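So for the sequence shown, the working numbering puts the first residue at 5; every next one is plus one. Structure, as structure tokens:
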Amino acid sequence: MANITAWLENDPDQKKKYGREITVAATESNFFNPMMGKGPWSIIRTSSDFDGSTATAQMGLRVELEGTGVKGNADFDENTDNQKYLYQPVEYDEFGNSLQSQNKTLREKKHVDSFRESAQEDLKMWAGHRSEKIITAKLTQNCSNIVACKAGATPVHAQNDTTAMTAGDVFTLGAARHALKRSKQGFDGNNAIHPKLRPFVVKHKNIEGIPIKEEFRLMILGPYAAEQLKDDPEWVSKQESANNRGDSNPIFSGQMGHITDGILFLEWNSWDATEAGILTSATAGFEDYATGFDQYAGVGGIETELNLMLGAGSSFLPMDTGFEYHEEGYDFNRKMKIAISRGYAFEKARYYGKTALEQKSKYHNKDYGTMLVASTKL
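Right, here's the structure in full:
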């Protein structure tokens, strides 16, 4: 009878190599990978000194000065301004998965090698989807600025939730422009003050000697909203190419186009048991990372699609250790298991003040760079 102990991978350098290969494959296949970066204009900020030695990282925001200052001969001491700092906790956690060989003895080394190869390919795919699901779920959970699409001349409901949505409240260019208006002016569905969504791309060009600034926010649409937009007569008449399409695009692939107002539209698939994608109010089964998507249902529980509008600094990924790779024998070393594990810290940007003064800030307990744009599936 075979004993696979001698065929297991025990070389630490080779296991590190396998771990790196899985990490690279998972990162490259991640839908959100082009949105990550260290700069202030990145949608997902990755710069941090967080090393995982504690359970939580503290990401900070220094709020703009809001005082009136002094004028004339007034002393500065009469109206000294205050610096306010808000904080976003980002919890560090680990996730992983394992596979075991089928219910038969691995009698030859070629059987072990074959299982190792197939397991690594499956785990690469799973790892990419898992990190996508973590990001999507946390961006969509408990949004503080909600655009509820509406049929008719007025493209959105005048409220900051989805409870009035009914069949036919589909996604339109008018709803997109309303979301953009909110992002620039800084208000929510109840017309209350809300943090603005900063553009993630700012282009400068010169027209007849006058410097012009062009800004872009990202709108990620599920398949239903994407089809609804394509059927919108206004979209058909105004659609423009957003640079080159496909893999040659320097920003994203798969984009639908953009409007000159400054929204880049990107279509994504629907979430299901295996793959990440745009969520709906009926999505369940991810309670280990995020819950409560049913709060976005419409009248009578009508299902809504939960599209996302994202700006610079919408979220943080301050810690990603990459995958560790493991192999071991089981069933008296007649069979084998392969496992991967990864340290990960991701959170949507939502800053909190510690003092009463800081909690008066418009940024306190509100999404910093994320807006939910809900539309019905029918």
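Glycine included, every Cβ here is placed at the ideal spot set by N, Cα and C. The model shown is predicted, which means the values in this text are computed figures rather than measured ones.
Per DSSP, what kind of secondary structure is H115 in: helix, strand or coil?
-> Against the sequence shown, residue 115 aligns to sequence position 111. The three-state reading of DSSP puts H115 in helix, counting H, G and I together.
Residue environment, P254, which counts as buried when at least 16 other CB atoms sit within 10 Å = For this step, residue 254 is matched to residue 250 along the sequence shown. Legend: pLDDT at P254 = 44, less than 50; position of this residue unreliable, value from coordinates given subsequently. Classification for P254: exposed.
Does the distance from the CB of S319 to the CB of A294 come in under 9 Å?
-> Taking the first residue of the sequence shown as position 1, residue 319 is located at position 315. Taking the first residue of the sequence shown as position 1, residue 294 is located at position 290. No, the Cβ-Cβ distance between S319 and A294 is not below 9 Å.
Looking only at its own chain, which residues have a Cβ that is under 6 Å from the Cβ of L382, when we skip the five neighbours before and after it?
-> Counting from 1 along the sequence shown, the entry for residue 382 is found at position 378. Answer for L382: A171, listed in chain order.
Own chain, CB closer than 6 Å to E332, minus 5 neighbours either side, in chain order = Walking along the sequence shown from the start, residue 332 turns up at place 328. K341, listed in sequence order.
Beta-ladder partner(s) of N311, from DSSP = If you number the sequence shown from 1, residue 311 lands on position 307. Answer by DSSP bridge pairing, in chain order: V377.
Chain-order list of residues whose beta-carbon lies under 8 Å from that of E238 (same chain, five-residue window excluded) | Position 234 of the sequence shown holds residue 238. If we look at E238 and ignore the five residues flanking it on each side, its Cβ neighbours are T176, L177, G178.
Cα-Cα separation, T380 to C153 | As a working note, residue 380 is residue 376 in the sequence shown. As a working note, residue 153 is residue 149 in the sequence shown. Put simply, the backbone Cα of T380 is about 8 Å away from that of C153.
In this structure, what does DSSP give as the bridge partners for S345?
-> Along the sequence shown, one-based indexing puts residue 345 at 341. Answer by DSSP bridge pairing, in chain order: G100, E328.
Pair every Cβ in the region 121-128 with every Cβ in the region 157-169, then say whether three or more of these pairs are closer than 8 Å.
-> no
First and last residue of the uninterrupted beta strand (DSSP E) at E271 | Walking along the sequence shown from the start, residue 271 turns up at place 267. Looking at the DSSP string, the run of the beta strand (DSSP E) that includes E271 is 267-271.
Hey, which unbroken runs of the alpha helix (DSSP H) at 4 residues or more fall wholly within the region 162-209?
-> 177-189
As assigned by DSSP and simplified to three states, the class of S245 = Against the sequence shown, residue 245 aligns to sequence position 241. Residue placement at S245 is poorly supported in this model, since its pLDDT is 48, which falls under 50; the coordinates still yield a value, given next. Three-state result, S245: coil.
Could you please give me the residues that DSSP links to R49 through a beta bridge?
-> Against the sequence shown, residue 49 aligns to sequence position 45. The partner list for R49 (beta bridge, DSSP) reads G41, F320.
Tell me where the beta strand (DSSP E) around Q92 begins and ends.
-> For the purposes of this step, residue 92 is identified with residue 88 of the sequence shown, where counting begins at 1. Taken as a continuous stretch (DSSP letters only), the beta strand (DSSP E) holding Q92 covers 88-95.
Assign G64 to one of two classes, buried (16 or more other C-beta atoms within 10 Å of its C-beta) or exposed (fewer than that).
-> Sequence index remark: in the sequence shown, residue 64 carries index 60 (1-based). Taking every protein chain shown into account, the CB of G64 has fewer than 16 other CB atoms within 10 angstroms, so this residue is exposed.
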